[in-house]
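Asker: Here you go, one structure.
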């Protein structure tokens, strides 16, 4: 169990069975130390009680992925899997589709921009994705294309979404992917844009039709940008469309 989570800490004393903890916390049974990120790659040391330390290289970015790796290492250690096999598995891990999915770096006609697609659609997931982007590419302007998923989720986590999304440099907001739900007044992309704008950190752009998004992006794209498509709806298709256009400003303006 991830002992970094305060709720998990509260639950552990109530569990009657043996619990193995992992995390960045000092008291974790399987502890992550010295995490550092270089682009797509994360490197860290895993410290285990009564076992040799493991120096891990992971080809997917973000502290959240280091936590996932620590959980897998905890299970593997408990099952007496050899350290050599653990290290080999970690080095060969390539992640999964739509989880900080690096779609390429493209010559846009105005420099070079990087395109990444991510499925995260809960504020916590979006937050760790932003942090991974910042840690690996601190010099880049972060341009997020965000599609809220479900009206009920947008309503219930409205302030959390606003808090997280205002961390990016440029925000293009699509409307809510309904997933079969009926619209809820005030829980839509336009309203969320308005709330974020009122806070004064960034000036988000609402894009009501995903078909026009390439032309909107073409007008704001700069050299060195990291373009991050984010959400669980059909924004993944938008990402593939942008990749097919190679983020080329001239081609996107023709859409």
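Residue numbers (the numbering used here): 94 to 348.
Quick reminder that beta carbons are idealized off the backbone N, C-alpha and C, glycines included.
Using alpha carbons as the reference points, say which of 260, 269, 234 and 141 lies closest to residue 282.
Answerer: In the chain shown, residue 282 corresponds to position 189, counting from 1. Looking at the Cα atoms, 269 is the closest of the given residues.
Asker: With contact counted as at least three CB pairs below 8 Å, one residue from each stretch, are the region 230 to 241 and the region 161 to 176 in contact?
Answerer: Output reads no: the region 161 to 176 does not touch the region 230 to 241.
Asker: What do you reckon, are the CB atoms on residue 112 and residue 125 nearer than 8 Å?
Answerer: Looking up residue 112 in the chain shown gives position 19. Looking up residue 125 in the chain shown gives position 32. No; because the gap between Cβ atoms is not below 8 Å, this pair is not in contact.
Asker: Please work out which residues of its chain come closer than 8 Å, Cβ to Cβ, to residue 296, disregarding the five sequence neighbours upstream and downstream, and give them in chain order.
Answerer: Along the chain shown, one-based indexing puts residue 296 at 203. 290.
Asker: Give me, in chain order, the residues of the same chain whose beta-carbon lies closer than 7 Å to that of residue 345; leave out the 5 immediate sequence neighbours on both sides.
Answerer: If you number the chain shown from 1, residue 345 lands on position 252. Closer than 7 Å at the Cβ level, and outside the excluded window around residue 345, lie 307, 308, 310, 311 and 338.
Asker: Can you list, in chain order, the residues of its chain whose CB lies under 8 Å from that of residue 129, leaving out five sequence neighbours each side?
Answerer: Working through the chain shown from its first residue, we reach residue 129 at position 36. So the list reads 135, 136 and 137, once near-sequence residues are dropped.
Asker: CB-CB under 8 Å to residue 170, same chain, minus the five flanking residues each way: which ones, in chain order?
Answerer: To locate residue 170, count along the chain shown from 1; it is residue 77. Contacts found: 123, 141, 144 and 179.
Asker: Run through the DSSP bridge pairs and tell me what residue 207 is partnered with.
Answerer: Taking the chain shown and counting its residues from 1, one reaches residue 207 at position 114. Looking at the DSSP assignment, residue 207 forms a beta bridge with 198 and 319.
Asker: List the DSSP bridge partners of residue 131.
Answerer: Position 38 of the chain shown, counted from the start, is the residue given in the question as residue 131. 134, per the DSSP bridge assignment.
Asker: Quick one, which of 206, 242 and 329 has its alpha-carbon nearest residue 319's?
Answerer: Here residue 319 corresponds to residue number 226 of the chain shown, with the count starting at 1. Closest by alpha carbon: 206.
Asker: Only counting the same chain, and skipping five residues up and downstream in sequence, which positions put a Cβ closer than 6 Å to that of residue 272?
Answerer: The sequence position of residue 272 within the chain shown is 179, counting from 1. These residues qualify, in order along the chain: 243.
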